[in-house]
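Here the structure is laid out as structure tokens; the discussion comes afterwards.
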Amino acid sequence: MALIDIQNVSKIYQMGDDPKNIFTALDKVSLSIDKGEYVAIIGPSGSGKSTLLQIIGLLDPPTSGSYKMVGYETTELSDNQVTHLRAQKIGFVFQMFNLLSRVSAKDNTLLPMIYQKGRVDHVRVEKVLAQLGMQDHMHHTPSQLSGGQQQRVAIARALVNQPEIILADEPTGNLPQKQAVEIIEELERLHREEDITLLIITHSPELAARADRVVEIVDGKIVKDQIQHTYRNRKQAESPTEVKFKDRFNIRLWMQTTKMALQTMLRNRIRTFLTMLGIIIGVFSVISMLAIGEGAKKNVEHELRRLGSNLFRVNSQWPKIKGSARQKRTITRLNAKDLHALRQLVQSNPYLKDFAATYEGKGTATFEGYSYSTKIIGVSPSYERLRGNYPSHGRFFNEQENENQERVCVIGQTVYKQLFKNQENPIGRSIKIENRNFRVVGLLPSNGTSWGGDVDDVVYVPVETAVHRIFGEDFYTFFYIQAKDELAIKPAIKEVETLLRSRHGMSKGMSDDFAIKNYGEMKDTVDQVSGTMLKLILIVALISLIVGGIGIMNIMLVSVTERTREIGVRKAIGAKSRDILNQFLVESVLIGLVGGLVGVVIAFIAGFVLRSAMGWEIVFKPYGVIVAFLFSLFVGVFFGLYPARKAAKLSPIKALRYE
Ligand code: ADP
């Protein structure tokens, strides 16, 4: 059986878009080559020599005809199978060397091995290079080698997988005479010593004369096929040589692919960074906004907890006067009678648990020459329980003191610091509030700030003392009312409303002259707002990630175009379409992932800075980070897929010929 058996093969090129404009480069060519032959293909320029070699080399399928290699009808094999066959049987040597320019001679040589076997036999690689006299230049890149040396590397690369055939397309066309002869001698030596079938296209009559057989092509037809020396090595190919068509998972190739992608990214640092920017900004904004949102939520929850549970608050307000029914109405304050009625309601009604009245005013507190203007808040003793306002030192005032309008007070940390300058124990001392002596009975712990105000800047006095003895009024600012539990809040509010409306003599249709603030509702509002915020954030994130993704796609498309020749070379030396796909996909995924990572890191740094410099509450949730990360991965895959497929689908020969 012949190694190569071509019957009636034609190759017709389509020129441009016009289906009639075709060019027949090969016209029903038949050619059979046995194992161990040494064939020179000659003919004028443009006669179809390269076209024939590309078909033999399985880089390009014929338009019609049959091509059997070691018994396999290649025109019936899948793209993947053809690649396997090519990788295992054929080594190419091109006129232009076609080495990957940025990697060393050794790395160029071992590439087919990685594609084919997934592992590198360094001994073999170095042996082959040494055979070709390149042992001292293994770590040089192509630009550091002469033309002849580059071609030796290319031959080593063709040889490394122990192919049966070497196809050389004018291998010496770009070399000076002396180097040309050396290269041909190398190839001939391999032919003799390693039983390699040699097909060489040449323009040189001297080189052609060295081959055992000469095939001449003119205008796409074989016009001469002549044996000019007795065969030295010719053999029948053994019965169908086993070809492995199975793809194996190839960890080495994945590692190599990742390494190459990282190298490409590092080589084009600025470009890579700019491409990543969209992802970086997207991920950064999502994560930091989520963290700020979480922080705000935590703040609010903290506040609400501080306010006390199941609380609502009543205060008087100017009633709204509606439309034509204009009535002159005055504000009805919450007075002592209201308070009394409320007390009775709380005692009898199952929905209500507790309450406190307050009067909020301002005043000056003085102690031994230090004077400080602060909030003077009169509160019922129950305020301590309702608001969780427990003194750290001393005690809160009691019912007795409130009823007797005694001059006792509980002071906040800020007031304590202003008046006592941190020096003395204030409990039992007498301070002046609005020029009246008050005995300090308790000191509150520091509670920080709330909505931007200083919670500790306060003096609490019994509410009756405040109303009657400090401010000389007859009304209260707020009633804080506590329902039995969460479910009781609504009915409790209803009860209080009914009570106050009837007490204030309001008929149906009149609007309330008091306002009720339900703190539970506040939480709902915050939840709603943060829910809406979250949606907005997600939309913004989505848009920026899409923009980032388009950036990746754009650059990857440019990259595919730039590296078209490289793709051709890789395919010619055994890369399957899937390998090329993976190579580009890994790159876009890495851009996405690294972009995501940088975004996360910047968000963390920004969060840290905001927290320490501005005192913002920032809460990073792991799920946000994970989701952002997965998203950037997804963007890398999604937007990298199209360019990667484009690269994978390139025909090796078109890619090789791409200028
Ligand atoms: P040779 O190697 O003998 O110089 P080729 O095999 O490269 O010639 O080309 C044979 C003919 O086919 C040439 O006329 C060339 O212009 C034409 N040809 C080669 N490739 C293509 C192509 N992709 N599309 C159209 N014409 C092509």
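Adding 9 to a residue's 1-based position in the sequence shown gives its number in this note's numbering. C-beta: ideal position from N, C-alpha, C; glycine also. Since the structure is predicted, the reported quantities are computational estimates derived from the model, not experimental observations.
{"Check": "Three-state secondary structure (DSSP) of A653", "Outcome": "helix"}
{"Check": "Through-space distance from N434 to R352, alpha-carbon basis", "Outcome": "36 Å"}
{"Check": "Spatial distance of T266 from F648 (CA atoms)", "Outcome": "19 Å"}
{"Check": "Contact test: S213 Cβ vs ligand 1 heavy atom, cutoff 7 Å", "Outcome": "no"}
{"Check": "With 16 other Cβ atoms within 10 Å as the buried cut-off, status of N398", "Outcome": "buried"}
{"Check": "Contacting residues, own chain, Cβ-Cβ under 7 Å from D88 (five flanking each side not counted)", "Outcome": "S586"}
{"Check": "Contiguous alpha helix (DSSP H) assignments of at least 4 residues, all confined to the stretch 179-237", "Outcome": "186-202, 214-219"}
{"Check": "Meets three-Cβ-pair contact criterion under 8 Å: the stretch 38-57 and the stretch 91-107", "Outcome": "no"}
{"Check": "Inter-residue spacing [alpha-carbon to alpha-carbon] between E82 and T281", "Outcome": "45 Å"}
{"Check": "Start and end residues, alpha helix (DSSP H) containing Y528", "Outcome": "528-571"}
{"Check": "F648 CB to nearest heavy atom of ligand 1 below 7 Å", "Outcome": "no"}
{"Check": "Beta strand (DSSP E) runs contained entirely in the stretch 413-437, provided each spans 3 or more residues", "Outcome": "417-420"}
{"Check": "Straight-line gap, K426 to N344 (C-alpha atoms, nearest Å)", "Outcome": "35 Å"}
{"Check": "Distance between beta carbons of G156 and L184, contact taken as under 8 Å", "Outcome": "5 Å"}
{"Check": "Where the beta strand (DSSP E) through E369 begins and ends", "Outcome": "361-376"}
{"Check": "8 Å Cβ cutoff met for S553 and I290", "Outcome": "yes"}
{"Check": "Length of the line joining the Cα atoms of N30 and V132", "Outcome": "52 Å"}
{"Check": "Close-in-space but distant-in-sequence residues of the same chain around K230 (CB under 6 Å, 5 per side omitted)", "Outcome": "D36"}
{"Check": "C-beta atoms of I99 and L262 nearer than 8 Å", "Outcome": "no"}
{"Check": "Own chain residues within Cβ distance below 7 Å of K526, not counting five before or after", "Outcome": "F321, R322"}
{"Check": "Run of the beta strand (DSSP E) containing P471, from where it starts to where it stops", "Outcome": "467-471"}
{"Check": "Reduced DSSP secondary structure (H/G/I, E/B, other) of I13", "Outcome": "strand"}
{"Check": "I385 beta carbon less than 8 Å from that of V476", "Outcome": "no"}
{"Check": "Complete alpha helix (DSSP H) runs within the stretch 83-125 (minimum length 4 residues, chain order)", "Outcome": "88-98"}
{"Check": "Helix, strand or coil at R278 according to DSSP, with G and I counted as helix", "Outcome": "helix"}
{"Check": "Proximity test, M105 beta-carbon vs ligand 1 heavy atom, cut-off 7 Å", "Outcome": "no"}
{"Check": "Range of the contiguous alpha helix (DSSP H) that encloses Q160", "Outcome": "156-168"}
{"Check": "Whole-number beta carbon distance between V169 and P121, since they are thought to touch under 8 Å", "Outcome": "6 Å"}
{"Check": "Separation of L207 from R219, as counted between CA atoms", "Outcome": "12 Å"}
{"Check": "T60 Cβ short of 7 Å to ligand 1 heavy atom set", "Outcome": "yes"}
{"Check": "Test item: CB-CB of I42 and I64 under 8 Å", "Outcome": "no"}
{"Check": "Unbroken alpha helix (DSSP H) run spanning D36, endpoints", "Outcome": "Note, D36: premise wrong, no alpha helix (DSSP H); beta strand (DSSP E) at 31-42."}
{"Check": "Option in S294, E571, S539, L154 with minimal Cα separation from G8", "Outcome": "This structure gives no information on residue 8, because the portion of the chain shown stretches from 10 to 668."}
{"Check": "For A34 and G57, believed in contact at Cβ under 8 Å, the rounded distance", "Outcome": "5 Å"}
{"Check": "Cβ neighbours of H402 in the same chain (closer than 6 Å, five flanking residues each side left out)", "Outcome": "I436, L452"}
{"Check": "Test: S39 CB closer than 8 Å to a CB of chain B", "Outcome": "Judged by its chain identifiers, the structure shown contains no chain B, having just a single protein chain."}
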